[in-house]
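Note sheet for the following structure.
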Amino acid sequence: IQSTKKLDEDFWEELEEILIQADVGVNTSLELVEKVKQTARKKKISDSSEVMSIIADEVREMLNYEGAELNLQAHTPGIIMVVGVNGAGKTTSIAKLAYMFKNEQQRVILAAADTFRAAAIDQLQIWADRVGVELIKHQEGADPGAVVFDAISAAKARKADVLIIDTAGRLQNKTNLMKEISKIRKIIEREIPEGPQEVLLVLDATTGQNAISQARIFEEATGVTGIVLTKLDGTAKGGIILGIASELKIPVKFVGVGEGMDDMKAFDPEVFARALFE
Amino acid sequence: GLSQRLQDVFKKLRGKGKISEDDVNLAMREVRLALLEADVNFKVVKDFIGRVKERAIGQEVLQSLTPGQQIIKIVHDEMAALMGGSESKLTFSSRPPTIFMAVGLQGAGKTTTVAKLGKVLVKQGRKPLLVACDIYRPAAIKQLQVLGEQTGIPVFAMGQNKPLDIARASIEYAKNRGCDMIILDTAGRLHIDSEMMDELVQIKEAVKPDEILLVVDAMTGQDAVNVSDHFNSQLGLSGVILTKLDGDSRGGAALSVKAVTGCAIKFVGMGEKLDALEPFYPDRMASRILG
Ligand SMILES: Nc1nc2c(ncn2[C@@H]2O[C@H](COP(=O)(O)OP(=O)(O)OP(=O)(O)O)[C@@H](O)[C@H]2O)c(=O)[nH]1
Ligand SMILES: Nc1nc2c(ncn2[C@@H]2O[C@H](COP(=O)(O)OP(=O)(O)OP(=O)(O)O)[C@@H](O)[C@H]2O)c(=O)[nH]1
Ligand SMILES: [Mg+2]
Ligand SMILES: [Mg+2]
């Protein structure tokens, strides 16, 4: 948006267009533009560049949360369960998190609870070796609950600081698979009464409005404490997190910006807000 | 769904006598909202609504007793026509081996789809060879080998060699094994990664695939246009495969990709199992997108 435009109907439409094309969704885009319009009117703003800073503030506000860091101090081992639909980037994100924790001198153990997909265990084993952390695994086809149980025992025995659990990708409309993931959470709660400290939903930034349904249903099935937004190194803007923020108040904790183990950053609402309009 | 919303629009207008162009505009607004919510790309929606509106202000709607239903029919038919129409059959070479290449973004479903496609070809009495050209993703080669075992289809791998060399070598290997089809599984990549896109261009120029198939996740949002446009302009696509249609996303990306590349959607992935690959039906997809 040029910075010397006047605030006419065309301007507000163009703003709406930018948001919709960033996957913010129609309703959220309209609400956001309406709010900004009102604020601009109240403050008697006539310069479009000032509007841009209002909308950046509004977006930052929607995304700024208490508890936007990882919540692991309460218990040892701190358990992070990682869930999400097929191909979102769960396994790779776990490698990145393990690398981050290792660099903070934390003792990390990983659990290969995707016992279904071809070579899923092999994939996580290679990452575990590269990062230099231990992986608890069974054979392909084993009961994922059994892997989780073993991993928790191992984490307790080795006094690990963090246990990160990789699960199989699943589409949220598959009721039996959502039952399975709820059951896995219950297994964790049996061993650690306060349950997992974090349940991270991995969301692909290229996803459209279906992301809202993903967040809703995973929130119901396992609870979701945070989102990892992956593949932001592409051209997708990941605007879906705004709709999720306004409806479900789930904070984005990390963003994935590449395929290497160091390609993960803490979520920065300011950076995200600005990138929406680039 | 959309039909209820259009019915509500026209209920308010009942008793006004003839429907006017303004009334049709109201209906077009509802259609536009429905398509955007279904993840059809913003610009594609604009063009599409433009085309539909031309028909919607024609006599078939203005004189109809059920204008809402007429408009839905026009929208549905225009959409199905847009997504259908081009050659949706696979191309086979007159001089085997026929070569297919699967390309697309990270995690779209290429490796799984390559194995599924192999299974479909076996059912047609052909002898496919799956080729592991993803040397980057941890255990990608192993993944394809496991799928090969599960489907009883041979897999050609050359470990950590250049994908270009692996693709080239697969031709001789296929001939020696009596395989008449080669399906190349490539690494997921960003359309804006010029080095990785160039790798695909080199493979294309070296082995001249009969099909270059873009594998697209059905839940892709507005970015579907960007991605497919880049892949198409750099490689020239011959077709698209839409995956994870067993999910509950509306799948508007299908319309976006077709509108922008003109390429036929040849198959849809309907699950994780290796028999879950079905032909693409434009009118079924249109109904799904319209909700
Ligand atoms: N460019 C980019 N690629 C990513 C990112 N995160 C993951 N990937 C890639 O996305 C693909 C899928 O990643 P996985 O970690 O296997 O995804 P997953 O969710 O575990 O997949 P399933 O277990 O099959 O459901 C791989 O090719 C990764 O390298 C990211 O932030 N940027
Ligand atoms: N439900 C469902 N899952 C699918 C479908 N196609 C693929 N998948 C799953 O999606 C995930 C990613 O599939 P892959 O075949 O590894 O994707 P890819 O494009 O090869 O990934 P990269 O090589 O990392 O780019 C896996 O969990 C697959 O089982 C489908 O049609 N439906
Ligand atoms: Mg995985
Ligand atoms: Mg693959």
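Top to bottom, those sequences are chains A and B.
The working numbering puts the first residue of the first sequence at 809, with every later residue one more than the last.
The working numbering puts the first residue of the second sequence at 55, with every later residue one more than the last.
Positions of the beta carbon are idealized from the N, C-alpha and C atoms, including for glycine.
- Less than 9 Å separates the beta-carbon of residue 161 of chain B from that of residue 242 of chain B.
- At least one heavy atom of ligand 4 sits closer than 8 Å to the Cβ of residue 239 of chain B.
- Checking the DSSP bridge columns, you'll see residue 152 of chain B partnered with B/235.
- At a threshold of 8 Å, residue 305 of chain B does not count as near ligand 3, since its beta carbon sits no closer than that to any of the ligand's heavy atoms.
- At a threshold of 8 Å, residue 976 of chain A counts as near ligand 3, since its beta carbon sits closer than that to one of the ligand's heavy atoms.
- Inter-segment contact for the region 271–280 of chain B and the region 299–311 of chain B is present: three or more beta-carbon pairs are separated by less than 8 Å.
- For the pair residue 193 of chain B and residue 959 of chain A, the CB atoms are not nearer than the 9 Å cut-off.
- In this structure the region 257–270 of chain B lies against the region 283–293 of chain B, because at least three pairs of beta carbons, one per stretch, are closer than 8 Å.
- Proximity to ligand 3 was defined by a C-beta distance below 5 Å to any of its heavy atoms, and the residues meeting it, in sequence along the chain, are A/898, A/899.
- The region 905–913 of chain A makes no contact with the region 172–182 of chain B; the number of CB pairs closer than 8 Å stays below 3.
- Restricting attention to alpha helix (DSSP H) runs no shorter than 4 residues, the region 78–156 of chain B encloses them at 96–110, 113–116, 121–137, ordered along the chain.
- The beta carbon of residue 904 of chain A is closer than 6 Å to those of 1069, 1072 in its chain, skipping five residues each way along the sequence.
- For residue 323 of chain B, the distance from the CB to the nearest heavy atom of ligand 2 is below 8 Å.
- In the three-state scheme derived from DSSP, where H, G and I count as helix and E and B as strand, residue 192 of chain B is classed as coil.
- A direct Cα-to-Cα measurement between residue 932 of chain A and residue 965 of chain A gives close to 22 Å.
- Residues of the region 1009–1033 of chain A with a C-beta less than 7 Å from any C-beta of chain B: 1012, 1014, 1015, 1016, 1017, 1018, 1021, listed in chain order.
- Between residue 819 of chain A and chain B, the shortest Cβ-Cβ separation is not below 9 Å.
- At a beta-carbon threshold of 7 Å, the residues of chain A lying near residue 193 of chain B are 927, 930, 931, 934, ordered along the chain.
- In the structure shown, residue 823 of chain A adopts helical secondary structure according to DSSP, grouped into three states.
- By the Cβ-count criterion, residue 119 of chain B is exposed, with fewer than 16 other Cβ atoms from all chains shown falling within 10 Å of its own Cβ.
- For the region 961–990 of chain A, the set of residues with a beta-carbon nearer than 7 Å to any beta-carbon of chain B comprises 979, 981, in chain order.
- Residue 862 of chain A sits in a helix when the DSSP states are folded into three classes.
- Measuring C-alpha to C-alpha distances from residue 1042 of chain A to each of A/1083, A/843, A/913 identifies A/1083 as the nearest.
- Short of 7 Å from the beta carbon of residue 95 of chain B, and not among the five residues preceding or following it, lie these beta carbons of its own chain, in chain order: 276, 278, 279, 310.
- The beta-carbon distance between residue 235 of chain B and residue 121 of chain B, rounded to whole angstroms, is 51 Å. This is too long to meet the 8 Å contact definition.
- Annotation for residue 955 of chain A: 919, 920, 921, 923, 944, 945, 946 place their beta carbon closer than 7 Å to its own, counting only its chain and skipping 5 residues before and after.
- Under the three-state reduction of DSSP output, residue 958 of chain A falls in the helix class.
- The secondary-structure analysis by DSSP pairs residue 919 of chain A across a beta bridge with A/944, A/973.
- Annotation for residue 337 of chain B: 134 place their beta carbon closer than 6 Å to its own, counting only its chain and skipping 5 residues before and after.
- Taking the Cβ of residue 1040 of chain A as the reference point, at least one heavy atom of ligand 1 falls within a distance shorter than 8 Å.
- Within the same chain, and ignoring the five residues on either side of residue 128 of chain B in sequence, the residues whose Cβ sits closer than 8 Å to its Cβ are 106, 109, 110, 114, 115.
- For residue 909 of chain A, the enclosing alpha helix (DSSP H) has its first and last residue at 898–911.
- By the Cβ neighbour-count rule, residue 76 of chain B is exposed, with fewer than 16 other Cβ atoms within 10 Å of its own.
- When Cβ-Cβ separations below 9 Å define contact, residue 1045 of chain A makes contact with chain B.
- For residue 1081 of chain A and residue 836 of chain A, the gap between their C-alpha atoms comes out near 14 Å.
- Under a criterion of Cβ atoms nearer than 7 Å, no residue of chain B is adjacent to residue 1052 of chain A; the nearest Cβ is some 13 Å distant.
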